[in-house]
Amino acid sequence: VNRLASDTESQIPTPPKQETKKAAKQPEPDAIALKSRKAPRTERTPRTETARRDVREFGDNQVFSRGGQAAASPMYSIAPGAGGVGVGSGAPFGARCGGYVTVLRDRVAQRWRTEQVDPRIRTLPPAIVMFELQRNGQVRNVRLIQSSGNVALDYSAQRAILEASPFEPIPPGCEGDPARVEFWFELKR
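The sequence shown: position 132 = 174 (the numbering used here), numbered continuously.
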C-alpha cells in the first residue's frame, strides 16, 4: 500500500452507510424531568377580565388623583451641605429671638457647600466660625476659631456665612450691637 498515492475513483458504487439507531435511554425512576425545546407545549388558558379588575374597596372619603404618587425619598431632597449647621451655645440673642436664630441658621445652611471636601471622608470634627453681626444685618470679622482638620471644610464654612450675608436686621428686643455669633459646621455623610 502506497501511503502517498491519492485515491482513485472507482466505478463500483460505494455501499450506503448503515445508520445505527441509538436506543433511547430509559429515565431513572428517581430522575426529575427537565424542560426541553422539544417538549410538547401546553395550551395557555386565556385571561379573564375579572383577573385585571381592581378589587380594592374605597371609602366614601377617598381622594383620587390623576397624577402619580409624590416622590418622598431622601435621594430627591439632598441638602446643599451634607451635615449639620448649628448656632453655638453662647448665642447672644436669648430665648426671645429664637425665630431670628432659626432664620440665620437656615440661611447659612442653604449656602454651605461641601463638594470640595473629599467624598471618601464621611465625618469630621466640627468647624467653628465666629463673626460679628451688626444691628442692620451686616457681617464683619468672620474668623475660624476651631478647625475641623480639613482645610476645604473650614473654607466652605466661612464662605457659607459670607454668601448668606447680609442678614435681616436684628429685631428690636434682641440683644447685641454688634452681636458675636458662633456657628458650628459638622460634616456627616
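For each residue, glycine too, the CB sits at the ideal point set by N, CA and C.
Quick one: Cα of residue i to Cα of residue j, how far?
i: Ala137; j: Cys216; result: 9 Å
i: Arg185; j: Arg231; result: 25 Å
i: Gln279; j: Gln104; result: The structure shown does not extend to residue 279, since the chain is modelled only from 43 to 231, so the question has no answer here.
i: Pro214; j: Arg153; result: 26 Å
i: Ser119; j: Arg182; result: Legend: pLDDT at Ser119 = 43, less than 50; position of this residue unreliable, value from coordinates given subsequently. If you take the alpha carbons of Ser119 and Arg182, they lie about 32 Å apart.
i: Asn192; j: Arg147; result: 22 Å
i: Arg162; j: Thr87; result: 55 Å
i: Leu175; j: Arg98; result: 59 Å
i: Gly130; j: Gln158; result: 24 Å
i: Phe227; j: Asn178; result: 25 Å
i: Gln53; j: Thr62; result: 27 Å
i: Gly140; j: Ile212; result: 12 Å
i: Pro167; j: Ser207; result: 25 Å
i: Gln188; j: Val171; result: 7 Å
i: Ile74; j: Pro58; result: 40 Å
i: Glu85; j: Arg79; result: 15 Å
i: Gln68; j: Lys77; result: 17 Å
i: Ser56; j: Pro71; result: According to the sequence provided, residue 56 is Thr. The question's Ser does not apply to it. One C-alpha to the other measures close to 45 Å.
i: Gly128; j: Ala202; result: 13 Å
From the DSSP output, which residues share a beta bridge with residue i?
i: Val171; result: Leu186, Phe225
i: Thr165; result: Lys230
i: Gly126; result: Glu228
i: Val181; result: Leu175
Pull up the CB-CB distance for residue i and residue j, whole angstroms please, since I reckon it's below 8 Å.
i: Val150; j: Phe225; result: 6 Å
i: Ala221; j: Pro134; result: 4 Å
i: Thr156; j: Leu195; result: 7 Å
i: Glu210; j: Val145; result: 7 Å
Out of the options, state which residue places its alpha-carbon closest to the alpha-carbon of residue i.
i: Val190; options: Ile212, Glu210, Ala169, Ile163; result: Looking at the sequence itself, residue 190 is Ser, so the reference to Val does not match. Nearest of Ile212, Glu210, Ala169, Ile163 to Ser190, Cα basis: Ala169.
i: Arg164; options: Cys139, Gly126, Ala206; result: Gly126
i: Asp219; options: Ser207, Tyr197, Phe173; result: Phe173
i: Asp160; options: Ser78, Arg201, Ala202, Leu229; result: Leu229
Considering just the uninterrupted stretch of the alpha helix (DSSP H) at residue i, what are its terminal residues?
i: Gln158; result: Neither: Gln158 is in no alpha helix (DSSP H) and is coded neither H nor E.
i: Asp234; result: The displayed coordinates of the chain run from 43 to 231. Any statement about residue 234 would go beyond what the structure contains.
Check whether the Cβ of residue i sits closer than 7 Å to any heavy atom of the ligand COA, and report yes or no.
i: Thr156; result: By its list of ligands, the structure shown contains no ligand whatsoever, and the ligand COA lies outside what it can speak to.
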